[in-house]
Amino acid sequence: GSKIIESSVSERKCVCSRFDSDSKSLDIGFTIDKVTVLAKYDISGKVLVLPITGTGDLNITLDELSGVYKVKLDVKKNEKDGKDYAQINNSDFKFNTKRAYFQLDNLFNGDKALG
Numbered sequence: 001g002s003k004i005i006e007s008s009v010s011e012r013k014c015v016c017s018r019f020d021s022d023s024k025s026l027d028i029g030f031t032i033d034k035v036t037v038l039a040k041y042d043i044s045g046k047v048l049v050l051p052i053t054g055t056g057d058l059n060i061t062l063d064e065l066s067g068v069y070k071v072k073l074d075v076k077k078n079e080k081d082g083k084d085y086a087q088i089n090n091s092d093f094k095f096n097t098k099r100a101y102f103q104l105d106n107l108f109n110g111d112k113a114l115g
């Protein structure tokens, strides 16, 4: 498990958007300079045969993201006010990043031979 302590998103831009009224789909292209997430983590598991355990601080930093957020909408009429409202039916988020940094303090519970 993990608990997010802080997150930040620097300069971001919507570089394009497209709505298709026939398929009721919305595509939003974006760029983000930097995303940082600071959290507490607690992990116990295996990668292949190597046991991975630890508890500590986590820092994930992603530089120069670009991607597309795709949304499929259902449009329904509200019976109370008679207005049409869009509801997200399905969404897909894909991105690329130029650099990704992952720092997990105390991974392997401080075992110097593994960490």
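Once you know that position 62 of the sequence shown is 62 in my numbering, the rest is easy, because the numbers rise by one and skip nothing. From the three backbone atoms N, C-alpha and C, an ideal C-beta is built for every residue, glycine too.
Buried/exposed call for Leu114, threshold 16 Cβ in 10 Å: One-based indexing of the sequence shown puts residue 114 at position 114. Exposed, because fewer than 16 other Cβ atoms sit within 10 Å of the Cβ of Leu114.
Under 8 Å between C-beta atoms of Glu6 and Leu38: Position 6 of the sequence shown, counted from the start, is the residue given in the question as residue 6. Position 38 of the sequence shown, counted from the start, is the residue given in the question as residue 38. For Glu6 and Leu38, yes; Cβs fall inside 8 Å.
Paired residues, beta bridge with Val75 - DSSP: Looking up residue 75 in the sequence shown gives position 75. Beta-bridge pairing links Val75 to Ala86.
Check whether Asp33 and Ser10 have beta carbons under 8 Å apart: In the sequence shown, the residue the question calls residue 33 occupies position 33. In the sequence shown, the residue the question calls residue 10 occupies position 10. In this structure, Asp33 lies near Ser10, with their beta-carbon atoms less than 8 Å apart.
Cβ distance (whole Å) where Asn106 is taken to contact Gly56 below 8 Å: Here residue 106 refers to the residue found at position 106 of the sequence shown. Here residue 56 refers to the residue found at position 56 of the sequence shown. Contact holds; Cβ gap of about 3 Å.
Nonlocal neighbours in the same chain, by C-beta distance under 6 Å from Leu62, ignoring five residues either side: Position 62 of the sequence shown, counting from 1, holds the residue named residue 62. Result list for Leu62: Val35, Thr97 and Ala100, in chain order.
Proximity below 8 Å, CB of Phe30 to CB of Arg12: If you number the sequence shown from 1, residue 30 lands on position 30. If you number the sequence shown from 1, residue 12 lands on position 12. Yes, they are a contact pair.
As assigned by DSSP and simplified to three states, the class of Asn109: One-based indexing of the sequence shown puts residue 109 at position 109. DSSP, read as helix, strand or coil, puts Asn109 in helix.
Cβ shell of Asp84 (< 8 Å), same chain only, five flanking positions each side left out: Translated into positions along the sequence shown, residue 84 becomes position 84. When the five nearest sequence neighbours on each side are left out, the beta carbons in the same chain lying within less than 8 Å of the beta carbon of Asp84 are those of Val75, Lys76, Lys77 and Asn78, in order along the chain.
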